[in-house]
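Structure, as structure tokens:
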Amino acid sequence: MPLEYFITYKAENTYEEPVHEAYWQFLVIPEENESQQFIGIDFNSSINPKFEFSINGYGFKTIRVHMKQKFEQIAFEARFRLIKKEINPFDFTPEADKSKSIEKIQGLNFKVDYEAFLKTTPYTYIPYTKNILFEFDWGNSIFDNLIALNSYTYRYIQFNTKATDVHTTLNEVLDIHQGVCQDFTHLFCALARTNGIPARYVSGYLHQGNGYFGDLQMHAWAEAYIPYAGWIGFDPTNDILAATNHIKVAHGKDYSDCSPLKGVVYTSGKNQTVHSVQVNSQDQQ
Amino acid sequence: MVNLENQIFSSYKRNPVLFDEIFDKNGQVKDVYSKLFTLYGEHSIKDYVNLNEKAKSSFFNQGITFQVYDKKKTEEKIFPFDLFPRIIPPEEWNIIESGAIQRSRALNLFLWDIYHDKKIIRQGIVPMDLISSSANYLDQMNKVDPPGGIYNHISGTDIIKHTDGQYYVLEDNIRCPSGVSYVICNRTALKRALFGVFNHYKTYSVTNYAENLLDLLETVKPKGVDIPNVVVITPGMFNSAFYEHSYLAKTMGVELVEGRDLFVENDFVYMKTIQGPQKVDVIYRRIDDAFIDPLEFKPDSSLGVPGLFAAYKKGNVTLANAPGTGVADDKAVYTYMPEIIRYYLNEEPILNNVHTYHCSRPKELKYVLEHIETLVIKPVDEAGGYGISIGNRLSKKEIEVVKAQILLNPRKYVAQPIMSLSVHPTYIDKTESFEQRHVDLRTFTVLGKDKEFVLKGGLTRVALKRGNLIVNSSQGGGSKDTWVLKT
Numbered sequence: 001m002p003l004e005y006f007i008t009y010k011a012e013n014t015y016e017e018p019v020h021e022a023y024w025q026f027l028v029i030p031e032e033n034e035s036q037q038f039i040g041i042d043f044n045s046s047i048n049p050k051f052e053f054s055i056n057g058y059g060f061k062t063i064r065v066h067m068k069q070k071f072e073q074i075a076f077e078a079r080f081r082l083i084k085k086e087i088n089p090f091d092f093t094p095e096a097d098k099s100k101s102i103e104k105i106q107g108l109n110f111k112v113d114y115e116a117f118l119k120t121t122p123y124t125y126i127p128y129t130k131n132i133l134f135e136f137d138w139g140n141s142i143f144d145n146l147i148a149l150n151s152y153t154y155r156y157i158q159f160n161t162k163a164t165d166v167h168t169t170l171n172e173v174l175d176i177h178q179g180v181c182q183d184f185t186h187l188f189c190a191l192a193r194t195n196g197i198p199a200r201y202v203s204g205y206l207h208q209g210n211g212y213f214g215d216l217q218m219h220a221w222a223e224a225y226i227p228y229a230g231w232i233g234f235d236p237t238n239d240i241l242a243a244t245n246h247i248k249v250a251h252g253k254d255y256s257d258c259s260p261l262k263g264v265v266y267t268s269g270k271n272q273t274v275h276s277v278q279v280n281s282q283d284q285q
Numbered sequence: 001m002v003n004l005e006n007q008i009f010s011s012y013k014r015n016p017v018l019f020d021e022i023f024d025k026n027g028q029v030k031d032v033y034s035k036l037f038t039l040y041g042e043h044s045i046k047d048y049v050n051l052n053e054k055a056k057s058s059f060f061n062q063g064i065t066f067q068v069y070d071k072k073k074t075e076e077k078i079f080p081f082d083l084f085p086r087i088i089p090p091e092e093w094n095i096i097e098s099g100a101i102q103r104s105r106a107l108n109l110f111l112w113d114i115y116h117d118k119k120i121i122r123q124g125i126v127p128m129d130l131i132s133s134s135a136n137y138l139d140q141m142n143k144v145d146p147p148g149g150i151y152n153h154i155s156g157t158d159i160i161k162h163t164d165g166q167y168y169v170l171e172d173n174i175r176c177p178s179g180v181s182y183v184i185c186n187r188t189a190l191k192r193a194l195f196g197v198f199n200h201y202k203t204y205s206v207t208n209y210a211e212n213l214l215d216l217l218e219t220v221k222p223k224g225v226d227i228p229n230v231v232v233i234t235p236g237m238f239n240s241a242f243y244e245h246s247y248l249a250k251t252m253g254v255e256l257v258e259g260r261d262l263f264v265e266n267d268f269v270y271m272k273t274i275q276g277p278q279k280v281d282v283i284y285r286r287i288d289d290a291f292i293d294p295l296e297f298k299p300d301s302s303l304g305v306p307g308l309f310a311a312y313k314k315g316n317v318t319l320a321n322a323p324g325t326g327v328a329d330d331k332a333v334y335t336y337m338p339e340i341i342r343y344y345l346n347e348e349p350i351l352n353n354v355h356t357y358h359c360s361r362p363k364e365l366k367y368v369l370e371h372i373e374t375l376v377i378k379p380v381d382e383a384g385g386y387g388i389s390i391g392n393r394l395s396k397k398e399i400e401v402v403k404a405q406i407l408l409n410p411r412k413y414v415a416q417p418i419m420s421l422s423v424h425p426t427y428i429d430k431t432e433s434f435e436q437r438h439v440d441l442r443t444f445t446v447l448g449k450d451k452e453f454v455l456k457g458g459l460t461r462v463a464l465k466r467g468n469l470i471v472n473s474s475q476g477g478g479s480k481d482t483w484v485l486k487t
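Chains A and B are the protein sequences, given in the same order.
Following UniProt numbering, the numbering of the first sequence begins with 1 at its first residue and continues without gaps.
Following UniProt numbering, the numbering of the second sequence begins with 1 at its first residue and continues without gaps.
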């Protein structure tokens, strides 16, 4: 049964010194795709500057705000309504012939097609010596290997919101074994890629109803490309597959392609941003 | 000793191993230089010293300076100018000009391909590494069609003449190549100092660069624009090439802007003016990719324009050169130029490439490590002559350091045989005489939609230290006026 979702994204920015001009770009609008049907958006701010929609470099819809008047504090609120079809993540044609899939991922054309999601990035870089952390068992299917990687990642990192921040690179996470969804997702992507499987970082919202980790913030998970099946979502923070509760916003190579809020603020002092997210659902009649 | 009859050359020491642009193997003045040689010989070295001083102060007074970056300090300098011009005969120029166009065209097709179907990689002609491990490859440019189909509107091709008398390309600079303003200033300075010499030669003018650049930039205007509004964007007055940015804007008759002078609204770019916002259609940007839009690239950049890339992607503004062009500036790409030219143009390269060893390939790495004293080692991603090691100038200890550096990251280095740049008589302050100095030539090619232009002249750069092979201004080089003769 499809679900109707009501999502509220809030960001409150406080500045030590007055700001004279600022730009913000929000990457928070749920993507329209096969399982997500977008119904409405409502965007407001405490000072009421104009906003406009645009498309970022990776083709995702953004909200952009240009503030030209003086202020010290500003709050934004975006509300979205969408209908999400029920997803059964196991609902794809299984790999009929394992060797055919493996042959495919080794081909040059495949590597060229998925080049962006096979290469390492500053966030997902792991030293050569640690590439062997998780090696695929090629006797099993790619899907089974990814399920195993999902569990491996889940066990490797202990969920802790205090241990890392948005700037933490995977290399640091490997030492402390602690982190949040962003770190879990970077590890999953890095290890899928070292095994030759294209993986992308996904940002979005998680419906918390069932007691998953997500911390009332935007959530992150991964999508891995399986030949003859397509992109399949894995949520290593919760050791599950991404399903109906996962509402996708954008994807990229790592966090830096998906950061929900980018700002250029002309001020001399420090600033603080507090984000919050609320996701409610209702069965569609 | 040669030419005792010519007093300014009375103490000129000619090293017969080097290729001298003026004197042939027997020490005779080449035909094309003979008139000039006589004319300059009419002056005493003292006249020459005076003229040289005057030319220098005129550069200072006009503010034609650049800055040298150092870890400790930055310094404002004039680009030392030499009063003895370099002459390129017509038959040699034809090779240079057609070769420079060929390379620029091929690189443009290469860029289109690697941001679209990537056929050259799929067919195994160049390795995927060229894009997947290049910091200058922009994923955001995938499937983007730049207006007019042009990526590298402006290219600076660095060419040398080897001891075999043949021209070789050392580098294709297609990020923000600079130096063209010096070409024009050198001509002006020489005319001011020694106007008479121009009466004896039919030399192509170089002052038409700006009008041709503007003309070609207008051919790549966004769709639906009638008469495009062109601007030059500069990182600001602290940039080493600021003089050039302001010079180009002034001579094209367009506005020179900084990032904060522009803003984006509904994916169109506007310039703030006292009459209100004015739409901008074509931006000749002298800011590197990473800094053009803090919302898309480096978030802490204050040089760029927030939202510019989205406007570009929508086709509402032209950026020259296009974002992501720098990937073809990578020295690793250079080494595949012969293959790239053959693949896209089905032609043989007109200008030679220097043979290159890739340290990323185990066999070639082994060769490089064993023959380091006969090679030049270059990092693939540095500009301005930084990080280059010349094998036969290294001590045993330094060789070990370089070897260790290469082994740490082989992909970062390529090696080439040590090319001997041709030499040209150059006035040297210290000895108050003419001495042989190594020279190269930077040519400037502009691509427009179905049109191209090569500046008939170029920047002859001189390595002012005796025996030095690195001519970059940031490494203490100077320059000469460069004459391309009409047939």
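Cβ atoms here follow ideal geometry from the backbone N, Cα and C, with glycine treated the same way.
Any Cβ of chain B within less than 8 Å of the Cβ of residue i?
| i | result |
| --- | --- |
| A/H219 | no |
| A/R81 | no |
| A/Y128 | no |
| A/K85 | no |
| A/H167 | no |
| A/S54 | yes |
| A/K270 | no |
| A/R64 | yes |
| A/Y123 | no |
| A/I233 | Per the sequence presented here, residue 233 of chain A reads as Gly, with Ile not at that position. False, the Cβ-Cβ gap to chain B never drops below 8 Å. |
Hey, could you find the ends of the alpha helix (DSSP H) residue i is sitting in?
| i | result |
| --- | --- |
| A/F188 | C181 to T194 |
| B/K313 | L308 to K313 |
| B/M252 | F242 to M252 |
| A/Y156 | I142 to Y156 |
| B/D31 | D31 to G41 |
| B/I399 | K396 to L408 |
Does the distance between the C-beta of residue i and the nearest non-hydrogen atom of the ligand MN fall short of 7 Å?
| i | result |
| --- | --- |
| A/P198 | Here there are no bound small molecules, and the ligand MN is not part of this structure. |
Any Cβ of chain A within less than 8 Å of the Cβ of residue i?
| i | result |
| --- | --- |
| B/L303 | no |
| B/L295 | yes |
| B/N50 | no |
| B/Q275 | no |
| B/P127 | no |
| B/K118 | yes |
| B/Q140 | yes |
| B/P362 | no |
| B/G315 | no |
| B/P299 | yes |
| B/F263 | yes |
Which residues in the same chain as residue i place their Cβ atom closer than 6 Å to its Cβ, once the five residues preceding and following it in sequence are excluded?
| i | result |
| --- | --- |
| B/Y312 | L319 |
| B/V126 | I120 and Y336 |
| A/F134 | L149, Y152 and L191 |
| A/Q282 | E4 |
| B/M1 | Note that B/M1 has pLDDT 42, beneath the 50 cutoff, so the model's placement of it is unreliable and the number below is only indicative. Correct list: empty, nothing qualifies. |
| A/V173 | G179 and D183 |
| A/P236 | N150, T153, Y154, F184 and F188 |
Excluding the 5 residues preceding and the 5 following residue i in the sequence, name in chain order all residues of the same chain whose CB lies nearer than 8 Å to its CB.
| i | result |
| --- | --- |
| residue 489 of chain B | Any question about residue 489 of chain B goes unanswered here, given that chain B covers just 1 to 487. |
| B/V380 | D330, K331, A332, R411, K412, Y413 and V414 |
| B/D429 | N52 |
Starting from residue i, trace the beta strand (DSSP E) both ways and give me its first and last residue.
| i | result |
| --- | --- |
| B/G149 | Here B/G149 belongs to no beta strand (DSSP E), and DSSP marks it neither H nor E. |
| A/C199 | The amino acid at residue 199 of chain A is misidentified as Cys; the sequence shows Ala. Residues A199 to L206. |
| B/N173 | Y167 to N173 |
Once you ignore the five residues that flank residue i on each side, which residues in its own chain have a CB closer than 7 Å to its CB?
| i | result |
| --- | --- |
| B/L4 | In this predicted model, B/L4 has a pLDDT of only 48, less than 50, meaning its place in the structure is not dependable enough to derive any value. |
request  = Determine, using beta-carbon pairs with one atom in the stretch 32–42 of chain B and one in the stretch 411–420 of chain B, whether at least three such pairs fall under 8 Å.
outcome  = Touching, no, given that fewer than three Cβ pairs across the two stretches are closer than 8 Å.
query = What runs of the alpha helix (DSSP H), each 4 residues or longer, lie entirely inside the stretch 90–127 of chain A?
reply = Every unbroken stretch of the alpha helix (DSSP H) spanning 4 or more residues and falling wholly within the stretch 90–127 of chain A is given here in chain order: 98–106 and 108–113.
At least 3 beta-carbon pairs within less than 8 Å: the stretch 208–225 of chain B vs the stretch 431–447 of chain B = Here the stretch 208–225 of chain B lies against the stretch 431–447 of chain B, with 3 or more beta-carbon pairs under 8 Å apart.
ask   = Counting Cβ pairs closer than 8 Å, one from the stretch 263–272 of chain B and one from the stretch 236–247 of chain B, do we hit at least three?
value = Taking 8 Å as the limit for Cβ pairs, the verdict is that the stretch 236–247 of chain B does not touch the stretch 263–272 of chain B.
request  = Would you list, in sequence order, the uninterrupted beta strand (DSSP E) runs of no fewer than 3 residues that lie entirely inside the stretch 47–119 of chain B?
outcome  = Those beta strand (DSSP E) runs which fall completely within the stretch 47–119 of chain B and span 3+ residues are 65–69, 74–78 and 81–88.
message = I'd like the ranges of any alpha helix (DSSP H) spanning at least 4 consecutive residues and lying wholly in the stretch 183–267 of chain B.
response = For the stretch 183–267 of chain B, whole alpha helix (DSSP H) runs of length 4 or above, ordered along the chain, are 209–219 and 242–252.
ask   = Enumerated in chain order, which unbroken segments of the alpha helix (DSSP H) with a length of 4 residues or greater are wholly contained in the stretch 18–95 of chain A?
value = Given a length threshold of 4 residues, the stretch 18–95 of chain A has no whole run of the alpha helix (DSSP H) inside it.
query = Quick check: the stretch 8–15 of chain A against the stretch 261–280 of chain A, are there 3 or more CB pairs under 8 Å?
reply = They touch, by the three-pair rule.
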